[in-house]
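Protein sequences, first through last, are from chains A and B. Just so you know, we're using the working numbering here: the first sequence kicks off at 1 and counts up by one. Just so you know, we're using the working numbering here: the second sequence kicks off at 1001 and counts up by one.
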Amino acid sequence: MTPTKSGDAILSLNGVTLRFSGLVAVSGVTMSIPRGSIVGLIGPNGAGKTTAFNVITGFYKPTSGYVEFSRAPSESVRLTGLPPHKVCKAGIARTFQNIRLFNNGTAMQNVMVGAHLRQRGTWWMNMFSYAFPAAAREEREIASGAYSLLERLGLEKYADSPASSLPYGAQRRLEIARALATKPSFLLLDEPAAGMNPQESAELLDFIRRLRDEFSLSILLIEHDMKVVMGVCEHIWVLDQGELIADGAPNEIKANPRVIEAYLGKEAVAHA
Amino acid sequence: MSQPSENKNPARNKAMTLIALALFVSFLWWAQSHLDGYKIRIINLIAINAILGLSLNLIYGMAGMFSLGHAGFMAIGAYVSALLILTPEQKVAMWILDPIAPWLPGIHAPFIVSLIAAGLFAALFGCLIAMPVLRLGGDYLGIATLGFSEIIRILITNLTPITNGPLGLKGIPSHTSLWMSYGCLLVVLICMTRLMRSNFGNVLRAVRDDEIAAKTMGVNTFSTRVLAFTMGCFGAGVGGALMGNLITTIDPKMFMITQTYSLLMIVVVGGLGSITGSVVGSVLVTTMLEWLRFVENPVTVGSIQIPGVPGMRMVIFSVLLIVIIIFRRDGIMGMNEFSWDRFFSFCGRALKERGAS
């Protein structure tokens, strides 16, 4: 399946370039991610994958080009220029390569922070919740919603434990739970399999598919573990030194000489 | 669905809270009629320092903004409140250096109104200062807020038509009774606890722990920090007003950086981010500051006479602070709060240990 530019894309990057004075971190990247798909962005270290994530989520403003997001088929917003919290509100959530949890909070509190985005009651309503029963009800709903989200991701036994005390794999899942609490329709996973053993990364494949189906998401992931990428992605883009050098189905990417060259050098291509 | 609950025995805990409150109220009742003015003043100061410590804790401990500007916002609160309470005759008689601003004597308000106005004015200034300053982080923020606090103090010293300059204001009616200061403390405690237990509290701590992750989770970190700073300044204003009404005279020198330091000490000793900690810290630091006054008196040891060194207690206090930072960096409470469940399980364990040995 080849996504077409005019097809039903949930997110599209159009000629996105990001320059840091002399260095071109991302150069003319154009990609369009079909709704409901799981796709991957791969490339050697320093290729600009995380930078591309940061452009999408609003931490960097591209030097040229723009990012467009369409939460529902008929609507579309231009994300470029929006600050990160507005990008999140538009419906994009992400995780980080090096886990970034709120370490002093419990697992529950971490997830509840994610739910704050769509909370209507304000701080003063919660301060005087006797006078604002609707706000108090909403707080209770957020707490029970956070708990059921933890249950769905198998984290309920950690609900009251400090986030930093969780085992590594659970911390990764908690980061995803927190992202899901913002009710996204598009999820960016930055190296979800990093630091996992083979068994855990095998489970991750099913987990990612389950996420897509249960939460009706589209997922873009950055990953170095090729088993995970080839196993779960329907379409893959390859970045090298800021430029897209290939895109296609996993099998095409595996056989693409430019990709092999980028990863292993010219000699490897000659031997292949 | 089984929900995790922090409160294991709500009925018992509520009863215990009411009993503790009743005991404390009867203590205040007793103190009112049996203790001398000096001791009552220290008990009052404990409550006021607790309010000020809590408001600084909201800024520094809960929202993670290192602010050294608290004395400035206290000064705003103290002056606003005093200028509203003083009668027109008092005001006209007091301005000697410069004539009083013509509109000022006509403004008059009852104490409670002046207290709220003090908070609101300090919050307004806090918000205005926060807008540019909160784009800085860490130590830079500390230095910038320190600078603003000094600017406020110098403005007060020089705006003689409004503030009576370096002479300060005298004869402020002493409205701060034990009931008033502890009533205010109770209101502040209830508001803070409810705020920090709500999801907004989670968000505030999230901004402190990891700003980037908070942004990604859709938190507008800048406006959240401005809001927390503004609320903290409201508390500083109210605390400053109570302080002015307790001491009955105020002048710009009261609100120097040393005032901020003692509040910082309360917050750090009690535990950054702990509401209970700030109250405990206030009790300890306020009583210690008074009790340590004896080191500043002249001492005669045998035939040697040591003259009193003013400021000696601050030296001792600095040493104590260093000791705390070395041996118990998180302060007395850390980030924990007092809860009856923890209290009883602690007592239970202590009893068991005694039984075992």
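Positions of the beta carbon are idealized from the N, C-alpha and C atoms, including for glycine.
Between residue i and residue j, which are expected to be in contact by the criterion C-beta below 8 Å, what is the C-beta distance as a whole number of angstroms?
i         : j         : result
A/Ile176  : B/Asn1199 : Their Cβ separation, rounded to whole angstroms, is 20 Å, which puts A/Ile176 and B/Asn1199 out of contact at 8 Å.
B/Gly1234 : B/Gly1053 : Checking the sequence, you will find Phe at residue 1234 of chain B rather than Gly. With a Cβ gap of about 14 Å, B/Phe1234 and B/Gly1053 do not count as contacting.
B/Leu1141 : B/Ser1067 : 7 Å
A/Ala163  : A/Asn110  : 5 Å
B/Leu1289 : B/Ser1318 : Not confirmed; about 12 Å, so no contact.
Leaving out five residues before and five after residue i in sequence, what residues of the same chain have Cβ atoms less than 7 Å from its Cβ?
i         : result
A/Gly15   : Gly28, Thr30, Ser64, Gly65
B/Tyr1182 : Leu1028, Ala1047
A/Val87   : Thr57, Gly58, Leu79
A/Lys183  : Arg118
B/Gly1277 : Gly1270, Gly1271, Gly1331, Ile1332, Met1333
A/Arg120  : Glu138
A/Ala193  : Ser201, Leu204, Glu223, Asp225, Val228
Secondary structure at residue i, three-state DSSP: helix, strand or coil?
i         : result
B/Phe1222 : helix
A/Gln97   : coil
B/Ala1109 : coil
B/Thr1358 : Absent from the model: residue 1358 of chain B. The displayed extent of chain B is 1001 to 1357, so no value can be given.
B/Phe1344 : helix
B/Gly1240 : helix
B/Gln1305 : strand
A/Ser40   : A quick correction: the sequence has Gly, not Ser, at residue 40 of chain A. Correct three-state label for A/Gly40: strand.
A/Phe59   : coil
B/Met1094 : helix
B/Met1333 : coil
A/His224  : coil
A/Thr30   : strand
B/Glu1353 : helix
A/Pro250  : helix
A/Pro162  : strand
B/His1175 : coil
B/Trp1103 : coil
B/Asn1009 : coil
B/Gln956  : Because chain B is modelled from 1001 through 1357, residue 956 of chain B falls outside the range shown and cannot be assessed.
What residues are listed by DSSP as bridge partners for residue i?
i         : result
A/Phe69   : A/Leu11, A/Val77
A/Gln109  : For A/Gln109, which the question treats as bridged, DSSP gives no partner whatsoever.
A/Phe20   : A/Leu23
A/Asp240  : A/Glu243
B/Thr1169 : Here the sequence assigns Leu to residue 1169 of chain B, which means Thr is not the residue at that position. Looking at the DSSP assignment, B/Leu1169 forms a beta bridge with B/Ile1250.
A/Phe218  : For the record, residue 218 of chain A in the displayed sequence is Ser; it is not Phe. Answer is A/Phe186, bridged to A/Ser218.
B/Val1299 : B/Ile1306
A/Ser64   : A/Thr17
A/Ile92   : A/Phe186
A/His235  : A/Val39
Given this structure, state the Cα-to-Cα distance separating residue i from residue j, to the nearest angstrom.
i         : j         : result
A/Arg19   : A/Gly242  : 10 Å
A/Tyr263  : A/Pro257  : 10 Å
B/Ile1332 : B/Val1279 : 11 Å
B/Ala1015 : A/Phe128  : 22 Å
A/Glu139  : A/Leu149  : 15 Å
B/Gly1237 : B/Leu1124 : 10 Å
B/Ile1143 : B/Gly1069 : 9 Å
A/Val77   : A/Ser70   : 6 Å
A/Asn54   : A/Thr106  : 27 Å
B/Asn1044 : B/Phe1111 : 17 Å
B/Ile1250 : B/Trp1103 : 21 Å
B/Pro1088 : B/Ile1107 : 8 Å
B/Leu1083 : B/Leu1321 : 36 Å
A/Gly114  : B/Phe1294 : 53 Å
B/Ala1050 : B/Leu1185 : 7 Å
B/Gly1168 : B/Asn1158 : 11 Å
A/Gly195  : A/Pro83   : 30 Å
B/Leu1368 : B/Thr1193 : Because residue 1368 of chain B is not part of the residues shown, which for chain B are 1001 to 1357, the question remains open.
B/Ile1100 : B/Val1092 : 7 Å
Tell me which residues share the same chain as residue i and place their Cβ nearer than 8 Å to its Cβ, disregarding the 5 neighbours each side in the sequence.
i         : result
B/Thr1160 : Trp1095, Leu1097, Asp1098
A/Ser216  : Gly36, Ser185
B/Thr1287 : Ile1042, Ile1046
B/Ala1350 : none
B/Leu1134 : Met1065, Leu1141, Phe1222, Arg1225, Val1226, Phe1229
B/Ile1316 : Leu1292, Val1295
A/Asp122  : Looking at the sequence shown, residue 122 of chain A is not Asp but Thr. Closer than 8 Å at the Cβ level, and outside the excluded window around A/Thr122, lie Ala135.
A/Thr17   : Val24, Val26, Ser27, Gly28, Val29, Pro62, Thr63, Ser64, Gly65
B/Phe1148 : Gly1069, Gly1072, Ile1129, Val1133
Using a Cβ-Cβ cutoff of less than 6 Å, which residues in the same chain neighbour residue i once the five nearest sequence positions on both sides are dropped?
i         : result
B/Gly1171 : Gln1090
B/Gly1232 : Ser1055, Leu1058, Ile1059
A/Pro198  : none
A/Arg152  : none
B/Met1335 : Gly1273, Ser1274
B/Arg1208 : Ala1063, Gly1064
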